[in-house]
Amino acid sequence: MDKFTHFNEEGRATMVEVGNKLNTKREAIAKGSIYMQPETLSKIIDKNISKGDVLAVSQVAGIMAAKKTSEMIPMCHTLMLTGADINFQIDETNSKIDIEAIVRTTGKTGVEIEALNAVSIAALTIYDMCKAVDRGMRITDIRLAKKSGGKSGDFIRED
């Protein structure tokens, strides 16, 4: 197993030096889900939640989260993102919304954490906007689905 990169020789936390790395195109895709009562999902679909259009607001929140990741995750570099998108798939059979974030940059370090943060915040925004009607919602399975670019190469989750 490779050593952890966010600790120096004394074992203290440090931000990894990336100044000597080449700029490369990088992309990360993260996914997650939020389960809810069927009635809650119907209200979202019908745009009948008192706080507004849940998916539109959550989409913007996810994009904002990708842009602000370095302000929330201590050792995360500030990145110039070249793109960020949030997609929702409504699954009425299982009473859930699947969330996908796609984040891109051309830079010295990857955007995996930005994509994961975007999914997390999009899901939390859905929860926040709907909690008055359904406090039992469950956010699950937030994961990196794919990453490309950089020295470590590509990754595609098999499940």
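The sequence shown begins at 0 in numbering that gives the first Met the number 0 and counts up by one.
All C-beta atoms, glycine included, are put in the ideal place defined by N, C-alpha and C.
Please read all numbers here as calculations on a predicted model, not as lab measurements.
Using 10 angstroms around the beta-carbon of residue i, count the other beta-carbons present and answer buried if the total reaches 16, otherwise exposed.
i	result
V156	According to the sequence provided, residue 156 is Arg. The question's Val does not apply to it. R156 comes out exposed.
V118	buried
I120	buried
S57	buried
N116	buried
R134	exposed
I need the DSSP call for residue i, collapsed to helix, strand or coil.
i	result
G61	helix
D140	strand
S151	coil
I28	strand
T124	helix
Bridge partners of residue i, per DSSP?
i	result
Y34	K95 and R137
L80	T104
I89	I96
A12	F6
K145	I28 and I155
Between residue i and chain D, is there a C-beta pair that is closer than 8 Å?
i	result
P73	Judged by its chain identifiers, the structure shown contains no chain D, having just a single protein chain.
Does the structure place the region 112–130 close enough to the region 18–33 that three or more beta carbon pairs sit under 8 Å?
yes
Three or more beta-carbon pairs under 8 Å between the region 29–47 and the region 138–149, yes or no?
yes
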